[in-house]
Amino acid sequence: MKVAAVQFEFDETEAYDACVGRMLAVVASAADADLVVLPELWPNGAFSYDRWDSTAESLDGDLVGRLSDAARSASVVLHAGSFIERHPDGSMTNTALVFERDGSLNAVYRKIHLFGFSEGEPKFLAAGRDVVVADTSAGRLGLATCYDLRFPEMFRRLADDRADLIVIPAGWPAKRIEHWTVLVRARAIENQLPVVAVGTAGTHGGVEMGGASLIVDALGVPLSEAGSSEVVIRAEIDPAHTRDWRERFPALGDRRL
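Sequence positions in the sequence shown follow numbering that gives the first Met the number 0 and run 0 to 256.
This is the structure:
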């Protein structure tokens, strides 16, 4: 499976429509991939709280329609990162979408672990409740978003639900970027699953993003890594390699808890 991970750079000086148009062009340029993954809150800004209300959309809004068209035009499975979703009751969530090659909406994951303690996401957003594995033509994708990475029990659930790989869009700050790279590799190693982890670049709400997107195999070995600026990283993930490693080193079979 060919994977393209889009580490997108933007800030609040870029108009919303221009940002969306630029991202759709990047998706079109990755049409040779099987799976394209975008970062967390790329239309809204991961820490740009003052923009969330004005840029939030429903699932039947223009943004979702344009992402569906982009997946269909490129004929890729598109993990569209996440966006601020507005619900009929007025509440908002950090929502990740997965589209099939024909543009149909395959899966919706609403971020469970909200970052900010008493501020940030918990102040503005409602938490999701459902752990989601998307059964796609590119494999079974275990879905998580950014701060979820710090909660290993969620990833064990994804592994138990027969995920073939884990996909993590994020807006991870530069000042904690070493945590990001260590935790991504740890989640791969302990669950014996490949991980596609996609960060953002730029500055959001005054917070410098760390970038450092990476694609790792089931042993936690990096297949492709990014620096701190905008780039599309690519790698090929072989499900046979994951199966072979699990057969040769069946650690998950020794679980006692």
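Backbone N, C-alpha and C define an ideal beta-carbon position, used for all residues, glycine too.
Nonlocal neighbours in the same chain, by C-beta distance under 6 Å from residue i, ignoring five residues either side
i      : result
Phe154 : Arg186 and Asn190
Ser90  : Ala125
Ser57  : Arg85
Bounding residues of the alpha helix (DSSP H) (the contiguous stretch that carries residue i)
i      : result
Val19  : Tyr15 to Ser28
Arg0   : A quick correction: the sequence has Met, not Arg, at residue 0. It is not in any alpha helix (DSSP H) - Met0 carries neither H nor E in the DSSP assignment.
His240 : Pro238 to Arg247
Glu224 : Taken as a continuous stretch (DSSP letters only), Glu224 belongs to no alpha helix (DSSP H), being part of the beta strand (DSSP E) at Pro221 to Glu224.
Ser53  : Tyr48 to Thr54
Cβ neighbours of residue i in the same chain (closer than 8 Å, five flanking residues each side left out)
i      : result
Leu113 : Asn93, Gly119, Glu120, Pro121, Leu124, Ala126 and Tyr146
Arg255 : none
Three-state secondary structure (DSSP) of residue i
i      : result
Glu8   : strand
Lys122 : helix
Ile176 : helix
Gly64  : helix
Val183 : helix
Leu218 : coil
Phe154 : helix
Gly141 : strand
Asn43  : coil
Leu37  : coil
Ser81  : strand
Arg233 : strand
Leu148 : helix
Ala32  : coil
Ala250 : helix
Ala211 : coil
Endpoints, the beta strand (DSSP E) within which residue i is located
i      : result
Ile165 : Leu164 to Pro168
Val97  : Met91 to Phe98
Pro195 : The question names Pro, but residue 195 is Val in the sequence shown. That run of the beta strand (DSSP E) goes Val194 to Val197.
Thr135 : Val132 to Thr135
Arg255 : Where Arg255 is concerned, there is no enclosing beta strand (DSSP E), given that its DSSP letter is neither H nor E.
Tyr108 : Leu104 to Arg109
Rounded distance between the beta-carbons of residue j and residue i, thought under 8 Å
i      : j      : result
Glu39  : Ala234 : The Cβ separation is near 20 Å, so there is no contact.
Gly198 : Tyr48  : At roughly 19 Å, the Cβ-Cβ gap does not stay under 8 Å, so Gly198 and Tyr48 are not in contact.
Val76  : Arg100 : 6 Å
Leu213 : Ala196 : 5 Å
Ala27  : Ser72  : 6 Å
Ala32  : Lys1   : 5 Å
Leu37  : Met22  : 7 Å
Val206 : Phe46  : 4 Å
Beta carbon proximity, residue i to chain C, threshold 8 Å
i      : result
Phe154 : You won't find chain C in this structure, because it holds only one protein chain.
Neighbourhood of residue i by C-beta, 7 Å cutoff - its chain only, sequence neighbours within 5 removed
i     : result
Pro42 : Tyr15, Cys18, Val19, Thr54, Leu62 and Phe82
Inter-stretch contact (C-beta, 8 Å, three-pair minimum) for the segment 129-139 and the segment 170-182: Verdict: no, contact absent.
Inter-stretch contact (C-beta, 8 Å, three-pair minimum) for the segment 217-231 and the segment 62-80: no
Three CB pairs or more closer than 8 Å across the segment 156-164 and the segment 178-185: no
Cβ contact (3+ pairs, closer than 8 Å) linking the segment 234-248 and the segment 13-25: With the cut-off at 8 Å, the segment 234-248 and the segment 13-25 do not touch.
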